[in-house]
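First comes the structure, then the notes that go with it.
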DNA sequence: GTGGCAGAATTGTCGGACAGTCCGATTATC
DNA sequence: GATAATCGGACTGTCCGACAATTCTGCCAC
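Protein chains in written order, with my numbering: chain A, 1 to 234; chain B, 235 to 468.
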């Protein structure tokens with residue numbers, strides 16, 4: 001079953017260095033906001049060339065563990081932001097040819113839950129975010145592109161209002177996948193706009209009134225409706 | 235409200251190059267399995283130094299868009315694997331101090347759905363994967379570490395059996411977060427092992443018989459039970 | 001076809017270099 | 001005294017050239 005010998009994989013220096021730095025960050029020896037030593041200094045500490053350090057740093061930068069403020073030169077330890085991380089997941093899914101069905105099932109699992117918790121915990125600011133997205137959809141839905149963007153914004157706002165980072169981070173990758181399907185529905189189904197608008201209104205109302213069960217149910221219906229619109233291809 | 239001028243952000247060369255290569259991959263000009271030109275060649279094509287190319291390549295490698303077969307020298311275009319991508323999400327969440335409640339809510343959203351679809355679509359091989367995980371838990375649950383690992387394997391197997399990549403990729407990051415909480419429960423609650431075992435048996439049975447509603451319900455109960463065990467801290 | 005081999009190609013790493021920019025301190029100005 | 005201009009040092013982004021180790025490739029023998 002399992003091999004007797006494990007293949008020995010040599011880790012190049014830049015990978016080992018990346019791992020070491022990452023470990024310091026995860027174990028919080030390097031804490032969020034701390035500035036990293038300069039590349040020259042790191043090169044000295046690790047006893048390698050600066051080029052090698054730079055390659056290691058690139059990895060951590062991509063992971064979102066290191067970053068710099070706008071216009072700043074020095075790198076500092078940062079918390080990986082959901083958006084940054086989720087974009088990687090999105091790309092992975094897009095490249096793996098996700099079907100509409102897969103996307104829809106995941107939405108059915110995540111979005112209603114997000115709506116439910118949003119109704120329980122939304123802050124005033126988050127409520128405003130929701131309202132904004134909805135207003136934008138109402139006002140700018142003539143162009144398909146902006147309409148789709150507004151819908152995505154709505155879902156994101158719901159996830160944010162749920163006050164649950166895990167749900168929010170699970171929801172985020174769905175957005176990118178959603179775009180093509182949603183574009184198609186809005187383009188082809190005449191009544192799509194009004195139905196989406198009505199659904200958003202109901203969901204927002206339920207979240208505003210903190211009626212979590214209703215919020216969940218309306219969101220479920222909204223997403224079922226989305227599938228109906230998608231399946232309706234003439 | 236909004237500024238007159240947007241801040242100009244200069245993208246360093248290595249980032250631009252990474253983006254260009256990424257675009258070729260996403261638009262499938264470079265297809266999965268294709269070998270990338272050598273670093274020297276890329277440097278010539280982009281008109282930059284090889285060091286710059288290397289930094290760009292590191293980014294794409296981290297994203298999982300480039301990789302190499304074991305012992306191979308040349309890089310080739312690869313599909314980002316769920317595991318690789320999800321580990322980044324896990325780390326992001328861990329660094330953001332996710333609470334047990336957040337994790338639990340997300341599990342309640344995703345795992346029952348995964349179980350439900352698994353019951354509808356599981357293949358024979360996936361069924362075996364489930365059984366294996368369950369057997370391993372039964373047999374090796376004396377040590378807390380291996381017991382936890384077996385539980386994680388079970389959840390992963392369910393997600394895989396769901397035949398839904400999006401759900402699977404949403405579920406994967408939960409595993410790492412699950413470990414500390416689960417360890418605590420198994421360590422402190424004497425009857426945890428037997429309850430988990432019973433729950434797994436019921437879920438597997440439902441999936442085997444393709445009873446999707448039951449699979450979902452049992453999984454819900456399983457996860458509710460997990461929370462009960464966690465809240466029970468003496 | 002299989003196996004072996006020499007030479008070419010490629011990667012990982014190194015050292016050094018330089019322009020552009022950011023930062024902190026110092027000096028000049030009101 | 002507070003603010004503005006100035007200046008030197010530090011740091012990053014990029015380049016050049018180089019070399020050992022390993023992989024790839026075409027060729028030859030069997």
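Glycine is no exception: its CB is placed at the ideal position from the N, C-alpha and C atoms.
When the options are compared against residue i, the one with the closest alpha-carbon
i                      : options                       : result
residue 205 of chain A : A:102, A:81 and A:116         : A:116
residue 396 of chain B : B:304, B:306 and B:359        : B:359
residue 33 of chain A  : A:20, A:51 and A:67           : A:67
residue 180 of chain A : A:169, A:152, A:140 and A:203 : A:152
residue 113 of chain A : A:232, A:212 and A:225        : A:212
residue 69 of chain A  : B:243, B:323, B:239 and B:310 : B:243
residue 337 of chain B : B:416, B:356 and B:262        : B:416
residue 424 of chain B : B:368, B:374 and B:466        : B:466
residue 298 of chain B : A:28, A:16 and A:87           : A:87
residue 225 of chain A : A:52, A:175 and A:107         : A:107
residue 24 of chain A  : A:41, A:52 and A:60           : A:60
Expected contact under 8 Å - CB spacing of residue i and residue j to nearest Å
i                      : j                      : result
residue 407 of chain B : residue 327 of chain B : 6 Å
residue 427 of chain B : residue 420 of chain B : 7 Å
residue 343 of chain B : residue 109 of chain A : 5 Å
residue 133 of chain A : residue 150 of chain A : 6 Å
Cβ-Cβ distance between residue i and residue j below 8 Å
i                      : j                      : result
residue 79 of chain A  : residue 329 of chain B : yes
residue 391 of chain B : residue 405 of chain B : no
residue 14 of chain A  : residue 100 of chain A : no
residue 74 of chain A  : residue 35 of chain A  : yes
residue 319 of chain B : residue 403 of chain B : yes
residue 215 of chain A : residue 207 of chain A : yes
residue 98 of chain A  : residue 399 of chain B : yes
residue 197 of chain A : residue 155 of chain A : no
residue 21 of chain A  : residue 111 of chain A : no
residue 39 of chain A  : residue 54 of chain A  : yes
residue 401 of chain B : residue 105 of chain A : yes
residue 284 of chain B : residue 290 of chain B : no
residue 292 of chain B : residue 58 of chain A  : yes
residue 130 of chain A : residue 210 of chain A : no
residue 462 of chain B : residue 452 of chain B : no
residue 300 of chain A : residue 323 of chain B : Because chain A spans 1 through 234 in this model, residue 300 of chain A falls outside it and cannot be assessed.
is_contact[residue i, chain A] using C-beta, thresh 8 Å
i                      : result
residue 465 of chain B : no
residue 235 of chain B : Annotation note: pLDDT 48 at residue 235 of chain B (below 50); position unreliable, coordinate value reported separately. It does not: the Cβ of residue 235 of chain B has no partner Cβ on chain A nearer than 8 Å.
residue 326 of chain B : yes
residue 245 of chain B : no
residue 355 of chain B : no
residue 285 of chain B : yes
residue 251 of chain B : no
residue 269 of chain B : no
residue 240 of chain B : no
residue 323 of chain B : yes
residue 344 of chain B : yes
residue 347 of chain B : yes
residue 336 of chain B : yes
residue 260 of chain B : yes
Chain B within 8 Å of residue i, Cβ atoms only
i                      : result
residue 235 of chain A : A query on residue 235 of chain A cannot be resolved here, the shown segment of chain A reaching from 1 to 234 and no further.
residue 95 of chain A  : yes
residue 207 of chain A : no
residue 21 of chain A  : no
residue 54 of chain A  : yes
residue 98 of chain A  : yes
residue 43 of chain A  : no
message: Tell me which residues of the segment 304 to 321 of chain B have at least one Cβ-Cβ distance to chain A shorter than 9 Å, keeping chain order.
response: Within the segment 304 to 321 of chain B, the qualifying residues are 304, 305, 313, 314, 315, 316, 318, 319 and 320.
field: Selection of the segment 158 to 171 of chain A by Cβ proximity to chain B, strictly under 7 Å
entry: Those would be 164, 165, 166, 167, 169 and 170, in chain order.
- request: Taking a Cβ distance cut-off of 9 Å, strictly less, list which residues of the segment 407 to 427 of chain B are near chain A, in chain order.
  value: Against chain A - using a Cβ distance shorter than 9 Å - the residues of the segment 407 to 427 of chain B are 407, 408 and 411.
task: Check distances from the C-beta atoms of the segment 56 to 70 of chain A to those of chain B and list, in chain order, the residues that come in under 7 Å.
output: In summary, the residues of the segment 56 to 70 of chain A whose CB is separated from some CB of chain B by less than 7 Å are 58, 59, 62, 63, 64 and 70, in the order they occur in the chain.
- request: Using a Cβ-Cβ cut-off of less than 7 Å, list which residues of the segment 119 to 153 of chain A approach chain B; keep chain order.
  value: Taking 7 Å as the cut-off between beta carbons, none of the residues of the segment 119 to 153 of chain A comes near chain B.
task: Pull out every residue of the segment 196 to 225 of chain A whose Cβ sits closer than 7 Å to any Cβ of chain B, in chain order.
output: If the cut-off is 7 Å between Cβ atoms, the segment 196 to 225 of chain A has nothing near chain B.
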